[in-house]
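Undergrad: Top line first, the protein sequences correspond to chains A and B. For the first sequence, this note's numbering gives the first residue as 86, with consecutive numbering after it. For the second sequence, this note's numbering gives the first residue as 57, with consecutive numbering after it. Even for Gly, the Cβ is constructed at its ideal location relative to N, Cα and C. My questions all concern the structure below.
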Amino acid sequence: MAVLLGVLFSGGKDSVFACYRAMEKNAVGCLISLFSENEDSYMFHTPNIGFASIQSEAMGIPLLSWPTRGEKEEELADLRSAILAAKEEFGLQGIVTGAIESVYQAVRVQRICRDLELWCFNPLWQVDQLEHLRLILAEGFQVLISGVFAYPFDASWLGAGLDEGKVQQLAELQKRYRISPAGEGGELETFVQDGPIFNKRIEIVRALKAYDSYRGRFMIQEARLVDK
Amino acid sequence: MILLVDLCYEKGSLSQYEFVHPIARALQSAGAAWKIEHYTEVEEQELESYSHAVLCGTALQDHAYMDRIDCFAWIKSFRGPLLGICAGMQVIGSVFGGKLVPFASIGLQKIEILRETSLLGKPGQIEVYHLHSLGVTLPEEFILLAGSLERPGAFKLIGGPVYGIIFHPDVRCRWILERFAGLQKEDKPLGSAASQNQSHYK
C-alpha cells in the first residue's frame, strides 16, 4: 500500500530524515513548511526556514509554504489550514512528521490528521537520539548547525557541520545538562545541505552569525545548488 | 526470545518505525532478545521458541488487522506471557469474545489502576499516552485493571499472563515493558474457574 504523503518540513535534520524514511516505500507529494513571524514560535522552527525552497528544489519535491504569526494555539489553526491546502492541492493521503519525543507536537498533528481523514506517520518516534544522529551521518546527510538556544552552547557551534565529534559532545551535554541531543527541546536547530534524497547539494555562499548569552543563529543569506 | 507481532497494514511499513521499533528498543534496554514478525506471517509451529509475545499497536487510521482476526487464533494456545498494546489489546479482546467499540482518545491522560498485578503493579494513578479510535469490551474470562467494562483501559486473563493495555507504554510508563519482559509463564485457567472469578471481580 503505497501512500501519497506530505512531509511537515522545517529543513532541519529530523524533518529531512523523516522524508527519507517516507520515501523508502511511499511517494512524497509535497513538503509543507510554515513560515513563522515569531522567532520563538512554540511549534515551528524558524532559522533559515526561508531556504526550505532551495532544499525543495534540491530534493525535487514541491514545497507548500504557509504563513503563521507563530502564536501558541493559533499556530495549530494555521497548521491545519496548511495541511488541508496540501491535501487538496496534491491529493495527499497522509502526513509525515519528524517528531521524536514531543507529545505536544505529535498529539496536535494526530488530531488534525484524524479530523482531515489523513494517515499520520512519525517514523522517528521514540528513537534513541544519539543513534539517530549517527544514523543520519551514516546515511550520508550533510547537516550544519544553524541555531543554538541553551547553555552551554557557544558560538563555535554556529555553522559547524554535524559530525561524530559533535555527536560525542552532545552525548556529554546530555549527561551533564540533560540537553536533548537531537535538539527537540529547542536547544539547537540544523539545516540540511545534502543527502541521499538530494539531487543537488546546497552550497552556502554567504551567512551571518549572531550570538549572545548561549543563544545564536547562523543565518543563511545566499545559497546555491551545485552538482553532486 | 520475545515475539513482537507487527500489526501494521503491511510488512515493513512506515508505521513499523513508530509502533514496533520503540517496543523493541525498550525490551532491549530491559535485556530481552526479540524478533519481529508481521501478523500475517506468524507460524504456529515456531511459537514454542518464544518465551513471550507482544501484539504491537498501529496507526490511528489502520484497521486492516481487524479483517484478519483469523491470523491470531494462536493467541489462545500461546503458553507464555502475552501483551496486547492498543490494536493488540483489541485483537486479544476480540479473540476472547469481546466486541469492538468506538473509543477515541489522543494524548496524555491519567488512569487509575484498579487491582495489583505483576505487570502494572499496585493500584494507583499513572499517566499514559493514548492514540486510538477503537476499544474492545471486557471479555468473559478477563478482569478489569483500568477503565470500564465497556471501555477497558487495561485487562488481564484470569489466572493467566495475558494482558491488554489500550495505551502506549513506549511513550509513557516504559517500566511496564520492563516488567513484562520479567514475567514468567502461568498456567492458563480452565473455563469453570474463570466463570467463578468473574462475578467477584465485576
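Compute the Euclidean distance between the alpha carbons of A/L93 and A/S265, then round it to the nearest angstrom.
TA: Their Cα atoms are separated by approximately 21 Å.
Undergrad: Counting only the same chain and skipping the five closest in sequence on each side, list residues whose C-beta sits under 8 Å from that of B/C229.
TA: Taken in chain order, the residues that qualify are I182, E183, V184 and F223.
Undergrad: Rounded to whole angstroms, what's the CA-CA distance from B/A109 to B/R171? Just pull it up for me.
TA: Going from the Cα of B/A109 to the Cα of B/R171 covers about 23 Å.
Undergrad: Is A/Q178 helix, strand or coil by DSSP?
TA: Coil at A/Q178, not helix or strand.
Undergrad: Quick check on DSSP: helix, strand or coil for B/H77?
TA: Of the three classes helix, strand and coil, the one that applies to B/H77 here is helix, per DSSP.
Undergrad: Note down, one range per segment and in chain order, each beta strand (DSSP E) of at least 3 residues found wholly within the region 86-135 of chain A.
TA: Segments of the beta strand (DSSP E) lying fully in the region 86-135 of chain A: 89-93 and 112-121.
Undergrad: Does any CB atom of chain B fall closer than 8 Å to the CB of A/K110?
TA: Yes, its Cβ sits closer than 8 Å to a Cβ of chain B.
Undergrad: For A/L293 and A/I305, I'd like the C-alpha separation in whole angstroms.
TA: So the alpha carbons of these two residues sit roughly 7 Å apart.
Undergrad: Quick check on the burial criterion: 16 or more other C-beta atoms within 10 angstroms. Buried or exposed for B/S133?
TA: By the 10 Å Cβ count, B/S133 comes out exposed.
Undergrad: Closer than 8 Å by beta-carbon distance: list the chain A residues that pair up with B/Y219, in chain order.
TA: Within chain A, no residue comes near B/Y219; the closest Cβ sits about 21 Å away, beyond 8 Å.
Undergrad: Here's a check: name, in chain order, each residue in its chain whose Cβ is nearer than 7 Å to the Cβ of A/I282, leaving out the five neighbours to either side.
TA: So the qualifying residues of the chain are C104, Y105, M108 and M144.
Undergrad: Using a beta-carbon distance below 8 Å, is B/V184 in contact with chain A?
TA: No, its Cβ sits nowhere closer than 8 Å to a Cβ of chain A.
Undergrad: Compile a chain-ordered list of the residues in the region 101-130 of chain B whose CB is closer than 9 Å to at least one CB of chain A.
TA: Of all residues in the region 101-130 of chain B, A115, L116, Q117, D118 and A120 have a Cβ within less than 9 Å of some Cβ in chain A.
Undergrad: Using three-state DSSP, classify B/Q165 as helix, strand or coil.
TA: Strand, per DSSP.
Undergrad: Return no unless some Cβ of chain A is closer than 8 Å to the Cβ of B/V227.
TA: At least one chain A Cβ lies under 8 Å of B/V227.
Undergrad: Are any of the Cβ atoms in chain B nearer than 8 Å to that of A/W242?
TA: No, A/W242 lies away from the interface with chain B (no Cβ there is under 8 Å from its Cβ).
Undergrad: For the region 158-190 of chain B, which residues have a beta carbon sitting closer than 7 Å to at least one beta carbon of chain A?
TA: Taking 7 Å as the Cβ-Cβ cut-off against chain A, the residues of the region 158-190 of chain B that qualify are I162, G163, L164, Y185 and L187.
Undergrad: Is any beta-carbon of chain A found at less than 8 Å from that of B/S71?
TA: Yes - at least one Cβ of chain A is within 8 Å of the one on B/S71.
Undergrad: Suppose contacts are defined by Cβ-Cβ distances below 8 Å. Is B/Q165 in contact with B/H186 by that definition?
TA: Yes, Cβ-Cβ distance for B/Q165 and B/H186 is below 8 Å.
Undergrad: Please determine if the region 182-191 of chain A and the region 60-70 of chain B are in contact, where contact requires at least 3 C-beta pairs separated by less than 8 Å.
TA: Result no; under three Cβ-Cβ pairs closer than 8 Å.
Undergrad: Could you name the residues of chain A that B/P137 contacts, counting a contact when the two beta carbons are closer than 7 Å?
TA: The contacting residues do not exist; B/P137 stays about 22 Å from chain A at best.
Undergrad: Who are the neighbours of A/D213 on chain B, taking C-beta pairs under 7 Å?
TA: R81, listed in chain order.
Undergrad: Label A/Y262 either buried or exposed according to how many other C-beta atoms from any shown protein chain fall within 10 Å of its C-beta, with 16 as the threshold for buried.
TA: Its Cβ having fewer than 16 others within 10 Å, A/Y262 is exposed.
Undergrad: If distances are taken between C-alpha atoms only, which option among B/G153, B/A115, B/Q72 and B/W130 comes closest to B/E206?
TA: That would be B/G153, whose Cα lies nearest to the Cα of B/E206.
Undergrad: Report buried or exposed for A/D279, applying the criterion of at least 16 other Cβ atoms within 10 angstroms of its Cβ.
TA: A/D279 comes out buried.
Undergrad: Against A/P208, what residues of chain B qualify as contacts under a CB-to-CB distance less than 8 Å, listed in chain order?
TA: Within 8 Å Cβ-Cβ: L70, Y73 and E74.
Undergrad: Buried or exposed for A/R302, please, with buried defined as at least 16 other CB atoms from any protein chain shown within 10 angstroms of its CB.
TA: Its Cβ being crowded by 16 or more others within 10 Å, A/R302 is buried.
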